Each structure stands twice: as structure tokens, then as C-alpha cells.
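J.:
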Amino acid sequence: MKTIYLGLSGDIIHPGIINIIREAAKHGEVLAGLLTDSAIAPHKRLPYLTWAQRLEVVENIKGISKVVPQEEWSYIPNLKKYKPDAIIHGDDWRSGPLSREREEVMAVMKEMGGVVIEIPYTQGVNSTALSELMRSVGTTPDVRLKTLRRLIDTKKPVRIMEAHSGLSGLIIENLAVEKDDGFHSFDGIWSSSLTDSTSKGKPDIEAVDLTTRLQDLTNILECTTRPIIFDGDTGGKPEHFVFTVRTLERNGVSAVIIEDKMGLKKNSLFGTDVNQELCPIMDFCEKLIAGKKAQVTREFMIISRLESLIAGFPVSHALERARAYVAAGADGIMIHSKEKSGDDVREFCEKFRAEFRGVPLVLVPTTYNRFTEKELVSWGASIIIYANHMLRASYPAMMRAAKTILEKERSLEADEFCMPIKEILELIPGGK
Ligand code: SPV
Ligand code: MG
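The numbering of the sequence shown is the working numbering, which starts it at 7 and goes up by one.
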């Protein structure tokens with residue numbers, strides 16, 4: 007009996023996949039290579055189902071004889087390991103980003119004396135289109151909340167972008183850019199105190215009223231499915247923070263980041279005139295412990311944000327606090343700095359990673375923005391937050407259109423800076 011290899015994600019099973027399995031089974035025993043989350047995550051959206059759930063589905067499909075993990079996006083390592091007589095694939099990989107992979111597979115199979123079976127792609131149904139449809143249906147708080155931990159376990163970096171409105175949330179949800187290694191998109195959303203308050207024309211001081219922050223967050227929750235990291239400012243008093251944790255969890259937020267400042271918080275990126283006092287270590291730990299005790303799910307994350315470097319203290323000061331916060335139960339550490347060189351953050355990352363290999367480390371490279379994601383990951387970053395770019399991009403665009411109208415005393419010339427009405431109507435599902 008011949009062995010026919012079929013690589014699949016098994017997340018959304020549709021007639022096109024059943025057709026490939028049926029065709030494969032005609033040639034021999036079907037060996038399914040089930041892609042792991044970490045094989046998929048850098049190239050495509052994380053599957054809706056976990057690997058174990060997908061395994062249970064795929065194992066029970068008629069025509070599949072055996073399932074093995076495919077740990078890489080590329081088929082090659084598994085082809086070399088299992089040496090099947092043939093690999094089967096839809097003929098859609100002849101063009102587009104998979105065509106290079108196809109060539110490599112062809113070469114390897116030839117070398118091993120095997121064959122490549124291509125079958126006509128089933129028109130009108132494919133996983134990507136179905137996935138988009140599922141996204142338009144939405145998600146549940148439970149599924150959304152758990153996604154961040156899955157992403158941290160499978161992808162480096164987890165790429166987070168700020169949203170301050172439903173519209174900015176929609177861009178983050180839907181935008182994908184095709185690169186050599188697949189599609190790049192944002193993995194999740196940063197609910198920023200700075201951009202939330204700025205979009206309302208207010209200063210970025212402490213979130214005195216969580217209710218107002220949550221109203222805006224609701225707009226984002228309603229039209230997106232990606233995980234959310236909430237900027238919790240200082241978290242307030244422990245007695246208040248426990249309610250914040252529960253409220254965020256109930257809404258399906260994956261993580262809250264609280265900063266170790268004290269008193270009336272001001273934005274960390276302000277000039278040097280800000281003499282922000284830091285919270286005593288023990289008091290901050292007490293707040294963390296209260297928050298961790300209050301959470302209902304296992305997956306919700308409380309991340310501690312170190313303000314030592316912002317307040318002018320050395321890396322050793324930040325490290326001492328990081329140790330205390332991790333010991334108190336922090337699920338991750340965010341190190342913040344406004345130093346352009348990035349030297350202080352880099353030093354912190356390297357020293358932190360030497361002590362804590364597995365603790366998620368969050369960076370916000372607003373000022374040290376010349377470093378690429380790959381470079382920041384090499385320092386030890388797990389999550390990268392682009393904290394304010396959607397808001398900062400929108401303001402000059404609005405300004406330009408408004409100025410043009412004032413200058414020309416009509417709106418004709420402003421049209422070139424504006425999205426056509428037709429497109430804006432089509433942007434929102436059901437908006438026409
Ligand atoms: C925010 O986005 O509100 C933040 C990050 O807290 S920063 O503005 O860089 O302090
Ligand atoms: Mg903030």
C-alpha cells in the first residue's frame with residue numbers, strides 16, 4: 007500500500023478538503039500532516055480550534071489513515087521524515103505565495119523517487135473565504151480572551167496595534183499584507199489610555215472612569231474578534247483593581263497592563279518636567295496579588311509595566327522590580343522607555359531574559375522605532391505594541407482635508423485626500 011501525504015490545518019473542514027482526501031485515498035493510505043499552531047501562526051491567522059481539537063476532528067475523517075504533526079509551514083521536513091510515495095495538493099499552489107514551496111516539494115519528491123499529485127482546486131469554497139465569513143459572525147468573550155496566550159505560545163513577536171474606535175479596530179482586524187513568508191497582519195489590539203483620551207480631546211491622565219473607557223472598548227469589541235490588551239494605567243487602588251479585572255475578563259479582554267506609578271498618572275512620553283513618583287514595590291505587588299486572586303479564568307493575564315527607566319532610574323532598578331513582580335504573580339513584564347537609542351531597553355531585555363526565559367516580555371517601541379520586529383525579538387521581546395499610530399496617523403489626514411476646504415472654499419480639492427463615499431459605505435458590512 008502506498009502512502010500519500012496531505013498537509014492540512016483541519017480548522018474549517020469543507021467539501022474542497024473532503025474532495026482532496028477522497029482523491030488521496032484512491033492512491034493509497036492517507037498520512038495527514040496536521041499543521042501545529044506555531045507552524046500556522048507566522049503565516050496565517052491562528053486557527054479557531056486548538057491543535058488537540060483539530061486532531062480529534064481530522065482523525066475521525068473517513069479516508070485518513072494516520073495523523074502526524076507538521077511542525078513547520080514547509081512540507082519538506084515531514085516529507086523527508088516520513089518518505090511518502092506521493093504528496094497531494096490542490097493545483098491552486100501553482101501561482102501565488104505557495105508556488106515557491108511547490109517547486110521545493112517537486113524537487114524533494116523527485117529526489118526521493120516519489121510523485122506530486124495535483125488535483126483541480128474546488129472552486130467557490132476555500133478556507134480563507136470561510137474564515138472571513140466566520141469573522142463576520144464574530145466571536146465569544148471566552149474564545150477571544152484565550153487567544154492571546156495561544157499566540158504568545160506560538161508566535162514571535164505577537165504584533166499588537168492600538169485602536170481607539172470601531173473603525174480603527176476594523177482596520178486592525180482585516181488588514182493583511184502579503185510578504186515572502188506569507189500574510190502579515192496584526193495579532194491583537196491595544197486599548198490605549200493615551201489614544202482613547204486624545205480621541206475625545208482629553209488629557210491622558212488616570213482612567214478615573216472605567217465605564218467611559220469601556221464604552222469605547224465596546225465599539226471595538228463589537229466589530230472585531232482579535233484579542234485585546236487593555237491599558238489599565240496604574241490600576242488604581244487594589245480594592246478598585248479587582249473590579250477592573252473582573253469587568254475586563256467578563257468582556258473577553260485577554261490582558262491588562264498596569265504601571266508602577268503613583269498618584270495622578272501622566273503619560274510616560276511627556277518631557278522631563280514630569281516628576282512622576284513610583285509606587286513602592288510592596289504596594290504594587292499587593293495590587294497584583296489582589297488582581298490575580300480576583301480573576302475567574304486561568305487565561306486572563308495581568309502584566310506589570312516598569313516605569314523605572316522613564317523616571318530616570320538605571321536598568322538595575324527596573325530589574326529589581328521585575329523580579330519582585332514576577333514573584334508576586336505577574337503574567338508578563340512590560341519595560342517602557344522614551345530613550346531613542348533603545349540601549350536601556352536592550353540591556354534590560356538581555357538581563358531579564360538571562361533570568362526569566364519564559365516570562366512574556368512586552369515592548370512599546372514608540373521612540374526607539376528604528377529597530378525591526380526581528381531585532382526586538384532577538385533582544386527577547388514576546389509582544390510588540392504599536393501604541394498610538396492609528397490615532398497619530400488620522401490627525402494629519404483630517405487636518406489636511408479640513409485645511410484644503412478652508413483654502414479653496416469648496417471640497418473638490420479635498421476629495422483626493424478622502425475615501426470615496428461608495429467605499430466608505432462598502433467598508434462596513436451591511437452599511438449599504
Ligand atoms: C498608552 O498608549 O496610553 C500608553 C503607552 O500608556 S505610552 O503612551 O507610550 O505611555
Ligand atoms: Mg497609557
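From the three backbone atoms N, C-alpha and C, an ideal C-beta is built for every residue, glycine too. Predicted model, so just to flag it, every value in this text is computed and none were measured.
By DSSP, does F249 sit in helix, in strand, or in coil?
T.: Three-state DSSP puts F249 in a helix.
J.: For V36, I'd like the list of residues in its chain whose CB is within less than 7 Å of its CB, leaving aside the five on either flank, ordered along the chain.
T.: If we look at V36 and ignore the five residues flanking it on each side, its Cβ neighbours are I10, L12, I27, A30, G69, I70, S71.
J.: May I have all residues whose beta carbon comes closer than 7 Å to any heavy atom of the ligand MG, sorted in chain order?
T.: In chain order, the hits are S198, S199, L200, D210, D237, D239, N273.
J.: Check whether the Cβ atoms of G16 and V64 sit closer than 8 Å, and answer yes or no.
T.: Yes, the Cβ-Cβ distance between G16 and V64 is below 8 Å.
J.: If I'm right that E305 touches L61 with Cβ under 8 Å, what's the distance once you round it to whole angstroms?
T.: Rounded, the Cβ-Cβ distance is 21 Å, inconsistent with contact.
J.: Tell whether a beta-carbon distance below 8 Å holds between S260 and I226.
T.: No, the Cβ-Cβ distance between S260 and I226 is not below 8 Å.
J.: Extract the residue ranges of the beta strand (DSSP E) inside the stretch 383 to 438, only unbroken runs of 3 or more that lie entirely within it.
T.: Complete beta strand (DSSP E) runs here, min 3: 389 to 392.
J.: What residue from S417, T231, Q221 has the CA that sits closest to M140's CA?
T.: Cα-wise, what sits closest to M140 is T231.
J.: Excluding the 5 residues flanking T128 on each side, which residues of the same chain have their C-beta closer than 7 Å to its C-beta?
T.: Excluding residues within five positions, the ones whose Cβ falls inside 7 Å are P21, G22, N25.
J.: Compute every distance between the C-beta of A393 and the non-hydrogen atoms of the ligand SPV, then say whether any falls below 7 Å.
T.: Checking the Cβ of A393 against the ligand SPV gives yes.
J.: In terms of residue numbering, what span does the beta strand (DSSP E) encompassing P75 cover?
T.: Run containing P75: 70 to 76, per the beta strand (DSSP E) assignment.
J.: Given the structure, does H342 come close to the ligand SPV, in the sense that its CB is under 7 Å from one of the ligand's heavy atoms?
T.: Result yes, Cβ under 7 Å from the ligand SPV.
J.: Going by alpha carbons, who is nearest to M396 out of H95, P103, W196, K50?
T.: Ranking the options by Cα distance to M396, first place goes to W196.
J.: Kindly provide the ranges of any beta strand (DSSP E) runs that are 3 or more residues long and lie completely inside the stretch 29 to 97, ordered along the chain.
T.: List check, beta strand (DSSP E) in window: 35 to 41, 70 to 76, 92 to 96.
J.: Does the Cβ of T372 lie closer than 7 Å to at least one heavy atom of the ligand SPV?
T.: Yes - the ligand SPV has a heavy atom lying nearer than 7 Å to the Cβ of T372.
J.: Quick check on P426: buried or exposed, where buried means 16 or more other Cβ atoms within 10 Å of its Cβ?
T.: By the 10 Å Cβ count, P426 comes out exposed.
J.: Is the stretch 291 to 306 close to the stretch 327 to 336, with three or more CB pairs under 8 Å?
T.: Because the criterion of three Cβ pairs below 8 Å is met, the stretch 291 to 306 and the stretch 327 to 336 touch.
J.: For F189, which residues does DSSP report across the bridge?
T.: Paired residue(s): E184.
J.: Can you give, in chain order, each stretch of the beta strand (DSSP E) that sits fully within the stretch 288 to 354 and has at least 3 residues?
T.: Correct list: 307 to 312, 338 to 341.
J.: Keeping to the same chain, check which residues put their C-beta closer than 7 Å to that of T372; ignore five residues upstream and five downstream.
T.: Cβ neighbours of T372 beyond the five flanking positions: L275, A393, N394.
J.: Sort out for me which residues DSSP pairs E168 with in a bridge.
T.: For E168, which the question treats as bridged, DSSP gives the partners W196.
J.: Taking the beta strand (DSSP E) that D159 belongs to, which residues open and close that run?
T.: Element bounds for D159: not the beta strand (DSSP E) but the alpha helix (DSSP H), 147 to 160.
J.: Does the Cβ-Cβ distance between V368 and S343 come in under 8 Å?
T.: For V368 and S343, no; Cβs fall outside 8 Å.
J.: Once DSSP output is grouped into helix, strand and coil, what is the label at V111?
T.: Three-state result, V111: helix.
J.: Compute the distance between the beta-carbons of I67 and A92, then report whether it is under 8 Å.
T.: No, the pair does not count as a contact, with Cβ atoms beyond the cut-off.
J.: Identify the continuous alpha helix (DSSP H) that holds T378 and give its terminal residues.
T.: Per DSSP, T378 belongs to no alpha helix (DSSP H) and is neither H nor E.
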